[in-house]
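Residue 275 in the numbering used here sits at position 289 of the sequence shown, and the numbers go up by one each step. Every residue gets a Cβ at the ideal spot worked out from N, C-alpha and C, and that includes glycine.
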Amino acid sequence: MADATERGARQRAGRRRTSQHESRRPVIGVSEPITALPGVGPKKAEQLEKLGIRNQGDLLFLWPRRHEDRTVITPLSEVQSGGDFTTAGRIGRADYDPRRQVLRVSVTDGLFVVYATFFHARWLTHQLQPGVMVVLSGHVEYWGNRLIMNHPHHEVLAPGEAPQRGLIPIYPLTADIKQRWLQQLMKQVIPILAPQVADLLPQELLNQERLISRGQALLHLHWPPSQEALEAARKRLVFDEFLRVSLAVMRMQQWDHGVAGIRQNPQGLLSQKFLTRLPYTLTPGQETAWRSIRQELAADRPMLRLLQGDVGSGKTILAILTILAAVDAGHQAAFMAPTELLAEQQWRVIKDLTASLPIEVGLLTGQDASQAARVRNGIADGSLEVVVGTQALLSPSVNFHHLGLVVIDEQHRFGVRQRAHLAQKGYFPDLLVMTATPIPRTLALTLYGDLNVSQIEGLPPGRQPITTVHLPYRERRTAYESVHQAVRRGEQAYVVCPLVNENEDQDVAAATVLAEGMRRVPGWRVGLLHGQLPGKEKTQIMEAFRAHEIDVLVATTIIEVGVDVANATVMVIEEADRFGLAQLHQLRGRIGRGTKAATCYLLADPKTEEGELRMAAMVRWSDGLKLAEQDLKIRGPGEILGLRQHGLSAFQLADPVRDLVLMEHVRQVAHDILESDPRLDHEGHQILKRWVDDGVASALPNQMLH
Ligand code: ADP
Ligand code: MG
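Written as structure tokens, this is what we have:
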């Protein structure tokens, strides 16, 4: 997303352009409306807005998900088994198997043939028909004596159209916007827009760090002339992302040093009552972690603590204890979850576990206006001691009476910007950040500043180990047979579909088709859950699953974190090799939460060695730390990285694992800048300062610094 500094630069540049070219259309300028471009009418503008595009400058920041290497298009005659190829030809046959939802096409130049297989492919049957010219990119293998590509990337060519050459950007899409159309739009405008962007960094720093200009980086990130140029562009923009967050966090810390901490009461009546009424005792791991948190809570310095504990290790109980320590000291506590679905679920858990205590726990979601107003009032007059919600808890309309603690659950979107929001309102609450995935120290420091870490070792007793089975697709029946048995026993199951297409709508379509198929199985009550459903519907479906009105829940990765239904004992993960290890581990953690034995089926015909290794690692290890270690060993470029989710919303381009060395270096650069110019007052730092402060303080939606 563009920010205000760049927006300002754009406005100026835009005005200049308009006055020079008053009568000429189209007008290309960073602050010009998108409708000033050829081929973009009101309808297209509306569709582009769904991708966050409001003016032309925003196009610069709609970054490609990846680039397809079309520098070489291999003729069908030269395609070989065992390699990755981009090739082109005409579709000869297209056979769709509706039962397995598999589409097989042959692609030919008249003499040579390559076959392509697509899974969950009903929606592709309209596009991929005999006679159509296609470009396919993917891995090629022998299947019998045929050369086949499994689920390759494909592009349909219009009649007479030649394949594009070079490194081709692949953009995120919505249903109504076609890849090719967007590429052509970008090709026209990016080369004009990119040079209009002001640089943030002084020239000496660029020289010293051997960085290209920001304008050139933006240009090459879309349309790189070579792989090296793409790397240089990426490096520059990643540098900027790290520098911005580092400077903001360090400036926040300058602020922190000036405030007195809040003293909580971890030995108070509420926590004691809570512990005696808890139906179980804390595990040794929970005890140890609680001891370290307790000490810091009692001290009067600001707490900034990371609580790490594997999926199912029981972090929620410690969160509640921490909350009670704040309430016992006369403060309010806020509990933030990453989604409304999880906020509701955690609210229910916290409410149930504290039912016998004299405290009020409120839920603030965006659903019901009058309800929300009531909760807001309770927060403002202090009658609500605890409130659970999403980031909306920090919006300007929410005013706490005396906020003393914020707990952030499985939440990686909280960072300096949210803290700055709170600080602006005069709150400097203690912070507890909970996570199941271990965060490298450098990343934690960059995102949150100097924080302490508590670790919960081990799991609560009585857990049945989860059996994990990797099945090739031809043995898919076994997995669904097991679902069937579970349903018969009165247990429940999850079926997880990957998000794999550039176009999210297509993924939802695939999940829908899968769910439709299952609805036909006698005796199965099937629910479908995905991110595009309205919030209310998501809640209802989750509710129905919890109440066992649904046996089989087909879902996208929306259920990845936190969802807790103990009667769910089987999980089937479709195309499991398309997930990263941490994600698979989180998903698997949704089952085996009770005392019944649980099984997780990974359906996959891995196309890469890493994919194969990931499946093997999942079968072998159930421990999150071990898997994180494996992840570092086996991940390849372009994989969904295990720890990526931590930075997901803080960084658009940076990969918090792959770029860890650069991150460390940029922290040093930020440190040096602030040492010589603590308030960024120097002449050469003006644009940089505005950029950092805008990201921190402005109310503009700003993806970069969440
Ligand atoms: P996570 O660390 O993944 O957030 P939760 O806090 O959701 O884990 O806990 C997982 C499950 O374990 C919950 O159902 C919770 O009630 C249970 N649990 C937590 N602590 C204990 C304990 N000490 N003994 C037994 N069960 C526990
Ligand atoms: Mg949890």
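Cβ-Cβ separation between residue 572 and residue 297: approximately 6 angstroms, consistent with a contact (criterion under 8 angstroms). For residue 338, the distance from the CB to the nearest heavy atom of the ligand ADP is not below 7 angstroms.
If you draw a straight line from the Cα of residue 637 to the Cα of residue 79, it is about 44 angstroms long.
The count of Cβ pairs closer than 8 angstroms, one atom from the segment 526 to 546 and one from the segment 404 to 414, stays below three, leaving the stretches out of contact. With contacts defined by Cβ atoms closer than 8 angstroms, residue 246 and residue 223 do not form a contacting pair. Uninterrupted beta strand (DSSP E) stretches at least 3 residues long and entirely within the segment 413 to 449 occur at 416 to 421, 438 to 442, given in chain order. Distance from the CA of residue 72 to the CA of residue 679, rounded to the nearest whole angstrom, comes to 45 angstroms.
Per DSSP, reduced to three states, the secondary structure at residue 677 is helical. In the DSSP assignment, residue 291 forms a beta bridge with 418, 438. Rounded to whole angstroms, the Cβ separation of residue 367 and residue 387 is 6 angstroms, and the two are in contact under 8 angstroms.
Around the C-beta of residue 264, fewer than 16 other C-beta atoms lie within 10 Å, and the residue is accordingly described as exposed. The Cβ atoms of residue 303 and residue 268 lie closer than 8 angstroms to each other. Taking residue 238 as reference, the option from 280, 556, 101, 404 with the minimal CA-CA separation is 404. With a cutoff of 7 angstroms, residue 328 does not count as near the ligand ADP, since its C-beta is closer than that to no heavy atom of the ligand. When secondary structure is reduced to three states using DSSP, residue 510 falls in the coil class, being assigned neither helix nor strand. Less than 8 angstroms separates the beta-carbon of residue 313 from that of residue 372. By the criterion of at least three beta-carbon pairs nearer than 8 angstroms, the segment 559 to 571 is in contact with the segment 595 to 607. For residue 77, there is no enclosing alpha helix (DSSP H); the residue is found in the beta strand (DSSP E) stretching over 70 to 83. Taking a cut-off of 8 angstroms on C-beta distances, the segment 354 to 370 does not touch the segment 333 to 343, as fewer than three cross pairs fall below it. Residue 32 has its alpha-carbon roughly 9 angstroms from the corresponding atom of residue 39. Around the beta-carbon of residue 330, 16 or more other beta-carbon atoms lie within 10 Å, marking it buried. Short of 7 angstroms from the beta carbon of residue 552, and not among the five residues preceding or following it, lie these beta carbons of its own chain, in chain order: 579, 580. At the C-beta level, residue 182 and residue 27 stay beyond 8 angstroms of one another. Around the beta carbon of residue 480, a 10 Å sphere encloses 16 or more other beta carbons of the protein chains shown; the residue is thus reported as buried. With a cutoff of 8 angstroms on beta-carbon distance, residue 379 and residue 350 are scored as near each other. According to DSSP, residue pairing for residue 152 in a beta bridge involves 56. For residue 346, the secondary structure class from DSSP, reduced to helix, strand or coil, is coil.
In the three-state reduction of the DSSP assignment, residue 378 falls in the helix class.
A buried status is given to residue 44, since no fewer than 16 other beta-carbon atoms sit within 10 Å of its beta-carbon.
Fully enclosed alpha helix (DSSP H) runs of no fewer than 4 residues are not present anywhere in the segment 309 to 333. Around the Cβ of residue 255, a 10 Å sphere holds fewer than 16 other Cβ atoms; the residue is exposed. Nearest Cα to residue 508 within the set 533, 474, 497, 115: 474. The three-state reading of DSSP puts residue 129 in strand, counting E and B together.
Under the three-state reduction of DSSP, residue 495 is assigned to helix. Under the Cβ criterion (8 angstroms, minimum of three pairs), the segment 582 to 592 counts as touching the segment 443 to 459. For residue 205, the uninterrupted alpha helix (DSSP H) segment begins and ends at 200 to 208.
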